[in-house]
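In short: position in the sequence shown from 1, add 5, done, that's the working numbering.
Where is the CB? At the ideal position from N, CA and C, for every residue including glycine.
What follows is one structure encoded as structure tokens, with my remarks underneath.
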Amino acid sequence: QFRLKNPELLLPCKRAPMAPKRGPSKGPKAKAKAKAKDPEEVALDALLVEAEQLFASREPDGKLDGSLKLEQFAEIVRETNRRFCMLWGEDPMKVIREEWAKSGGQSKKELSLADFKAWHPGFIMAAQADRTARLAAKDEALAAEKTRLDELFGKEGLWRFQMKDLKLALDEARRRGKTPLILDNTEGQRVEAFFMYSDSYVIECKKMIMGKAKGQTPEEVLEEERIRFFESKCFKFGRTVVFRLANTACDLLKMFNSEVFPSVALLDEEKVAAARENPNGVERSEFLPMAPDEDERWYLSSDVGINEKFNVVAISHFTPDNYQEFLADALPLRLMQPMLPQCD
Numbered sequence: 006q007f008r009l010k011n012p013e014l015l016l017p018c019k020r021a022p023m024a025p026k027r028g029p030s031k032g033p034k035a036k037a038k039a040k041a042k043d044p045e046e047v048a049l050d051a052l053l054v055e056a057e058q059l060f061a062s063r064e065p066d067g068k069l070d071g072s073l074k075l076e077q078f079a080e081i082v083r084e085t086n087r088r089f090c091m092l093w094g095e096d097p098m099k100v101i102r103e104e105w106a107k108s109g110g111q112s113k114k115e116l117s118l119a120d121f122k123a124w125h126p127g128f129i130m131a132a133q134a135d136r137t138a139r140l141a142a143k144d145e146a147l148a149a150e151k152t153r154l155d156e157l158f159g160k161e162g163l164w165r166f167q168m169k170d171l172k173l174a175l176d177e178a179r180r181r182g183k184t185p186l187i188l189d190n191t192e193g194q195r196v197e198a199f200f201m202y203s204d205s206y207v208i209e210c211k212k213m214i215m216g217k218a219k220g221q222t223p224e225e226v227l228e229e230e231r232i233r234f235f236e237s238k239c240f241k242f243g244r245t246v247v248f249r250l251a252n253t254a255c256d257l258l259k260m261f262n263s264e265v266f267p268s269v270a271l272l273d274e275e276k277v278a279a280a281r282e283n284p285n286g287v288e289r290s291e292f293l294p295m296a297p298d299e300d301e302r303w304y305l306s307s308d309v310g311i312n313e314k315f316n317v318v319a320i321s322h323f324t325p326d327n328y329q330e331f332l333a334d335a336l337p338l339r340l341m342q343p344m345l346p347q348c349d
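Take a look at the structure:
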């Protein structure tokens, strides 16, 4: 007889046993996931916690069921003022009075913790908004001022501006490595008057011309100027040196320019800045030979050198239409920034 080798193969396939159905859970239902708080709610919670901490730190006995008087309330406002970089000035007394009334302290003569927590978050949020607004206004004002200055000083050639912007123009010219050449066409020469009353050292160029006309050599004229320059301690005290040209074309390029009084070097802001900012630079500059004696030479070459405030300007009465024609052979115009201050 025929006999199967594996009779079990003829049996029906067995199904894998099914997992038993889960019955209803006998435990409590799982809680739904809590909704996340928005940033404003988080900030408010933090301020309420802060209010409790402040209250406890200022309440005389450190009790949350105690009260704050005006003295402790004022300390909290002053502390907030410091926290926001003196938002309300050195003494925020006006704010203290206003907030004491808003909080209810003026009528109750004191504040409970509940009163304080009701007041504190709004106070802090208002302070934050106030500071943000002030910073934004400051940034806006700075941007507007930058735009205005770019319009005034952003172009090549002659700068025109109001007298109130004179100092800005002088600083900007030096920042660019240029010596200011001021065309003073104002009534009564107000620019000259400004420098005359600002303790500036004035070199009267017309006097130099007259000295030569009376028989002095340019060397003698410059020697006198050198002595007067050092007697006035221009380098030491950082004075503003004014070449007052008036209506002359005084030749500072050649005739009145020498080793003992290098007018061209003094009118070169880059050379002046190099010597002014680095005492070691004086030794390699054209200013050291100006020293009339060994003491002055030693002082100039010392660590003190030239005072950081030392600067030079030239003032002329010529107009925008003719200054280049008259001054091209008298001044190193390539080293200078011409400017025309105006009055309303």
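If you check the beta carbons only, do residue i and residue j fall under 7 Å apart?
{"i": "Cys239", "j": "Val246", "result": "yes"}
{"i": "Met341", "j": "Trp164", "result": "no"}
{"i": "Phe235", "j": "Glu301", "result": "yes"}
{"i": "Arg179", "j": "Glu274", "result": "yes"}
{"i": "Met213", "j": "Phe261", "result": "yes"}
{"i": "Leu175", "j": "Phe166", "result": "no"}
{"i": "Leu52", "j": "Pro97", "result": "no"}
{"i": "Arg244", "j": "Tyr206", "result": "yes"}
{"i": "Leu272", "j": "Pro223", "result": "no"}
{"i": "Trp93", "j": "Ser108", "result": "no"}
{"i": "Ser306", "j": "Val287", "result": "yes"}
{"i": "Lys122", "j": "Ala56", "result": "yes"}
{"i": "Cys348", "j": "Met168", "result": "yes"}
When the Cα of residue i is compared with those of the options, which residue comes out closest?
{"i": "Thr253", "options": "Asn316, Ala279, Asn283 and Asn327", "result": "Asn327"}
{"i": "Thr184", "options": "Glu64, Ser290, Glu45 and Ala319", "result": "Ala319"}
{"i": "Gly182", "options": "Arg339, Ala251 and Leu49", "result": "Arg339"}
{"i": "Asn312", "options": "Leu154, Phe78, Ala278 and Lys68", "result": "Ala278"}
{"i": "Leu171", "options": "Gly162, Lys160 and Leu186", "result": "Leu186"}
{"i": "Ala61", "options": "Ala119, Ala132, Glu103 and Asn316", "result": "Ala119"}
{"i": "Asp189", "options": "Leu69, Glu103 and Ser321", "result": "Ser321"}
{"i": "Pro1", "options": "Asn283, Arg231, Gln221 and Asp308", "result": "What the structure shows of the chain is the stretch from 6 to 349, and residue 1 is not part of that stretch, so it cannot be assessed."}
{"i": "Ala131", "options": "Lys160, Asp144, Glu95 and Val82", "result": "Val82"}
{"i": "Phe242", "options": "Lys42, Phe315 and Leu73", "result": "Phe315"}
{"i": "Thr324", "options": "Leu173, Gln133 and Ala251", "result": "Ala251"}
{"i": "Glu76", "options": "Glu104, Gly94 and Leu49", "result": "Glu104"}
{"i": "Lys74", "options": "Gly110, Ser307, Gly162 and Ala56", "result": "Gly110"}
{"i": "Gly48", "options": "Val309, Asp349, Gln133 and Ala198", "result": "Looking at the sequence shown, residue 48 is not Gly but Ala. Per the Cα distances, Gln133."}
{"i": "Glu84", "options": "Arg63, Gly162 and Leu258", "result": "Arg63"}
{"i": "Glu177", "options": "Asn285, Gly159, Phe128 and Gly310", "result": "Gly159"}
{"i": "Arg88", "options": "Ile129, Asp144, Gly71 and Ile101", "result": "Ile129"}
{"i": "Leu154", "options": "Glu161, Leu173 and Asp144", "result": "Leu173"}
{"i": "Ser237", "options": "Ile208, Lys259, Leu257 and Ala218", "result": "Ile208"}
DSSP puts residue i in a beta bridge; with which residues?
{"i": "Val226", "result": "Bridge partners of Val226: none, in fact."}
{"i": "Trp303", "result": "Answer is none; Trp303 lacks a bridge partner."}
{"i": "Glu209", "result": "Arg249"}
{"i": "Phe166", "result": "Pro346"}
{"i": "Met341", "result": "Thr184"}
{"i": "Ala355", "result": "Residue 355 cannot be examined here, being either before or after the span of the chain that is shown, 6 to 349."}
{"i": "Leu73", "result": "Leu116"}
{"i": "Val317", "result": "Val246"}
Within 10 angstroms of its Cβ, does residue i collect 16 or more other Cβ (buried), or is it exposed?
{"i": "Glu330", "result": "exposed"}
{"i": "Gln350", "result": "Look at the range of the chain in this structure, 6 to 349, and you will see that residue 350 is not part of it."}
{"i": "Cys210", "result": "buried"}
{"i": "Phe200", "result": "buried"}
{"i": "Pro44", "result": "exposed"}
{"i": "Ala142", "result": "exposed"}
{"i": "Ala335", "result": "buried"}
{"i": "Met295", "result": "buried"}
{"i": "Lys151", "result": "exposed"}
{"i": "Lys276", "result": "buried"}
{"i": "Ala146", "result": "exposed"}
{"i": "Val54", "result": "exposed"}
{"i": "Pro346", "result": "buried"}
{"i": "Ala280", "result": "buried"}
{"i": "Val309", "result": "exposed"}
{"i": "Ser203", "result": "exposed"}
{"i": "Glu282", "result": "exposed"}
{"i": "Leu332", "result": "buried"}
{"i": "Asn86", "result": "buried"}
{"i": "Leu69", "result": "exposed"}
{"i": "Glu197", "result": "buried"}
The ligand FAD and residue i: does the residue's C-beta get closer than 6 Å to at least one heavy atom of that ligand?
{"i": "Leu69", "result": "As presented, the structure is devoid of all ligands, the ligand FAD included, so that no description of it is given."}
Measuring only between beta-carbons, confirm whether residue i sits less than 7 Å from chain C.
{"i": "Ala134", "result": "The structure shown contains no chain C; it is built from a single protein chain."}
Original post:
Are three or more beta carbon pairs between the segment 217 to 233 and the segment 251 to 271 nearer than 8 Å?
Top reply: yes
Original post:
Any chance the segment 131 to 151 sits against the segment 115 to 122, with 3 or more Cβ pairs inside 8 Å?
Top reply: no
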